[in-house]
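Following: one structure in structure tokens, then a few remarks.
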Amino acid sequence: MASSSSPTETRSPELRKDPINNRWVIFSPARAKRPSDFKSKSSSENQNSNSSSSCPFCFGNEHHCAPEIFRDSPDPNVDWKIRVIQNLYPALSRDIGGETEGHPDGEKSGFPGRVVPGVGFHDVVIETPVHSVHLSDLGPTQVGEVLLAYKKRIEQIKERDLIKYVQVFKNHGASAGASLSHSHSQILALPVIPPTVSGRLCSMKEYFDQTGKCGLCEVQPKDLLIDETTYFTSIVPFAATFPFEIWIIPQYHSSHFHDLDSEKAIDLGGLLKLMLRKLSMQLNNPPFNFMIHTSPLQVTDSQSPYSHWYLQIVPQLTGVGGFEIGTGCYINPVFPDDAAKVLREV
Numbered sequence: 000m001a002s003s004s005s006p007t008e009t010r011s012p013e014l015r016k017d018p019i020n021n022r023w024v025i026f027s028p029a030r031a032k033r034p035s036d037f038k039s040k041s042s043s044e045n046q047n048s049n050s051s052s053s054c055p056f057c058f059g060n061e062h063h064c065a066p067e068i069f070r071d072s073p074d075p076n077v078d079w080k081i082r083v084i085q086n087l088y089p090a091l092s093r094d095i096g097g098e099t100e101g102h103p104d105g106e107k108s109g110f111p112g113r114v115v116p117g118v119g120f121h122d123v124v125i126e127t128p129v130h131s132v133h134l135s136d137l138g139p140t141q142v143g144e145v146l147l148a149y150k151k152r153i154e155q156i157k158e159r160d161l162i163k164y165v166q167v168f169k170n171h172g173a174s175a176g177a178s179l180s181h182s183h184s185q186i187l188a189l190p191v192i193p194p195t196v197s198g199r200l201c202s203m204k205e206y207f208d209q210t211g212k213c214g215l216c217e218v219q220p221k222d223l224l225i226d227e228t229t230y231f232t233s234i235v236p237f238a239a240t241f242p243f244e245i246w247i248i249p250q251y252h253s254s255h256f257h258d259l260d261s262e263k264a265i266d267l268g269g270l271l272k273l274m275l276r277k278l279s280m281q282l283n284n285p286p287f288n289f290m291i292h293t294s295p296l297q298v299t300d301s302q303s304p305y306s307h308w309y310l311q312i313v314p315q316l317t318g319v320g321g322f323e324i325g326t327g328c329y330i331n332p333v334f335p336d337d338a339a340k341v342l343r344e345v
């Protein structure tokens, strides 16, 4: 039970609509302790503690990995800082140049849904050669170099006409979906535009049609602000789907993450590192996911004014139940301004 001094006890439940993702969120503070007590029950440090001797991502074990795409040093005999490799267990077939390319959509016998060949790219970005080093341990420039590795790979992938959308994501901790504890992230390139991406664009278009402005350019942090840099702002969103969810938003209008340059990458690297450190210190190093929500690779001139990329960080503190699955409406026990205050304090 929360103490009588808890700021959440004096607040009534609210429903808030996220205008970016067109999603309703129920804020129900009675379901949680004080925001400052909302810590992960088990630190992700103790999960997936693979030893460096058996870890395929460690320096010296490169021969255990799937084929390399590129590394920060083109010389395979030189020590590396970042490697991008094929996923050993890919979700999609890489046979884009074969007979499957351009295969028409079809229908599966007996089912009304569409069918397209499962081709695309599924890559892994190994963020450091050292097993015990996490992304948040790297300096801003080094985190920026990881972001630039994402950019480079996306620029390679977007030359393939079949690919419509590229998702960059990181799973940290076993309960967040990481199968190896060595710090890494993933890139999945799809031959379709996912419905959540299409829905986000439609929602942002609706806001633009009503106001003439981009919904993310118009974000006014106020009590939701955590920190800001020259080019980026970090906030807890007004209708945060998850407790202590963070968005990092470019202060300049940009549809695509891969338009990031080196200066902005280092700036973003410093802020991303800071946000991960804040979550770790305040919430007992929780498992987390981060996702880069960019626009489809092909954006029309009419879509450009309202399409704006951002990075979302979600600490895994609560589970998803039948209500969320059944309705697409989430219950968040922590009000965003309370979460932002806790994150500003550390």
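Quick note on numbering: the sequence shown equals residues 0 to 345 in numbering that gives the first Met the number 0.
For every residue, glycine included, the Cβ atom is placed at its ideal position computed from N, Cα and C.
Give a yes or no on contact between the region 253-261 and the region 269-284, applying the rule of three or more CB pairs nearer than 8 Å.
The answer is no - the region 269-284 does not touch the region 253-261, with fewer than three Cβ pairs under 8 Å.
Run through DSSP, which three-state label would S2 get?
Because S2 carries a pLDDT of 40, less than 50, the predicted location of this residue cannot be relied on, and no value is offered for it.
Where Y230 and P236 are concerned, what is the direct C-alpha to C-alpha distance, given to the nearest angstrom?
Computed Cα separation, rounded: 18 Å.
If the criterion is Cβ atoms closer than 8 Å, does the pair A65 and L91 meet it?
Contact: no.
Taking only the alpha-carbon atoms, compute the straight-line gap between H181 and I312 and give it to the nearest angstrom.
Between H181 and I312, the C-alpha separation is close to 19 Å.
H183: buried (16+ other C-beta within 10 angstroms of its C-beta) or exposed?
It is buried - the Cβ of H183 has at least 16 other Cβ atoms within 10 Å.
Q250 by DSSP, collapsed to three states: which one?
Residue state, collapsed to three classes: coil.
Rounded to the nearest angstrom, what separates C216 and A148 at their Cα positions?
Going by the C-alpha atoms only, they are around 26 Å apart.
Pull the bridge partners of F237 from the DSSP assignment, please.
DSSP lists no beta-bridge partner residue for F237.
Nearest-angstrom Cβ-Cβ length linking I213 and Y305, presumed shorter than 8 Å:
The sequence shown places Cys at residue 213, rather than the Ile named in the question. Indeed they touch by this definition, with Cβ atoms about 5 Å apart.
Let me know the secondary structure DSSP gives H121 once reduced to three states.
Here H121 sits in strand by DSSP.
L278, DSSP secondary structure in three states
The answer is helix: DSSP assigns L278 an H, G or I state.
Beta strand (DSSP E) runs contained entirely in the region 159-212, provided each spans 3 or more residues
164-171 and 183-189, all fully within the region 159-212.
Kindly indicate which three-state DSSP category L215 falls into: helix, strand or coil?
L215 falls in the coil class under three-state DSSP.
Where P351 falls: helix, strand or coil (DSSP):
In the structure as shown, the chain begins at 0 and stops at 345. Residue 351 is therefore absent and cannot be evaluated.
CA-to-CA distance, S294 to D160, given in whole angstroms
Roughly 16 Å between the two C-alpha positions.
Between the alpha carbons of E144 and P12, how many angstroms are there, rounded?
Rounded to whole angstroms, E144 to P12 spans 42 Å at the Cα level.
What distance in whole Å lies between the Cβ atoms of L342 and I225, which are believed to be in contact at a cut-off of 8 Å?
Distance from I225 to L342 at the Cβ level is roughly 5 Å; contact confirmed, criterion being Cβ atoms closer than 8 Å.
Pull up the distance between the alpha-carbon of A239 and that of E323, whole angstroms please.
C-alpha separation (whole angstroms): 14 Å.
Can you give me the start and stop residues for the alpha helix (DSSP H) that Q311 sits inside?
From DSSP, Q311 is part of no alpha helix (DSSP H) but of the beta strand (DSSP E) over Y309 to P314.
Given that a residue counts as buried once 16 or more other Cβ atoms are within 10 Å of its Cβ, and exposed if not, what is D337?
Looking at its Cβ environment, which holds 16 or more other Cβ atoms inside 10 Å, D337 is buried.
Taking buried to mean at least 16 other C-beta atoms within 10 Å of its own C-beta, is E344 buried or exposed?
By the 10 Å Cβ count, E344 comes out exposed.
Does L310 pass the burial test, meaning 16 or more other C-beta atoms within 10 Å, or should it be called exposed?
Burial is judged here by how many other beta carbons sit within 10 angstroms of a residue's own beta carbon; L310 has at least 16 and is buried.
Name the one or two DSSP bridge partners that W79 has.
When DSSP reads this structure, W79 sits in no beta bridge, so it has no partner.
Return the CA-CA distance between V77 and I125, expressed in angstroms with no decimal places.
Cα to Cα, the separation comes out at about 16 Å.
Since I84 contacts F120 with CB under 8 Å, what's their CB separation in whole angstroms?
Wrong, their Cβ atoms sit about 12 Å apart, outside the cutoff.
Could you give the residue range of the beta strand (DSSP E) that holds E323?
First-last for E323: G321 to T326, but that is the alpha helix (DSSP H), not the beta strand (DSSP E).
For the alpha helix (DSSP H) that K150 lies in, which residues bound it at each end?
Per DSSP, K150 belongs to the alpha helix (DSSP H) from P139 to I156.
With distances taken from CA atoms, which of F69, P335 and T127 is nearest P220?
The shortest CA-to-CA distance from P220 to any of F69, P335 and T127 is the one to P335.
Please name the residue or residues paired with D136 in a DSSP beta bridge.
BP columns for D136 are empty, so no partner.
Which of helix, strand or coil does DSSP assign to I265?
In the displayed model, I265 falls within a helix according to three-state DSSP.
If I measure Cβ to Cβ from I81 and keep anything under 8 Å in the same chain, skipping five residues before and after, which residues do I get?
Hits under 8 Å: R70, D71, V124, I125, E126, T127, E144, V145 and A148.
What does the Cβ neighbour count give for S135, buried or exposed, with the cut at 16 atoms within 10 Å?
Burial call: buried.
Suppose you measure from the CA of M274 to the CA of I245; what does that come to, to the nearest Å?
Straight-line Cα distance between these residues: approximately 8 Å.
Go ahead and pull the three-state DSSP assignment for H292.
H292 falls in the strand class under three-state DSSP.
Considering only residues of the same chain and omitting the five flanking positions on each side of R15, which have a CB-CB separation below 7 Å?
Only V24, F26, F237 and A238 meet the Cβ criterion.
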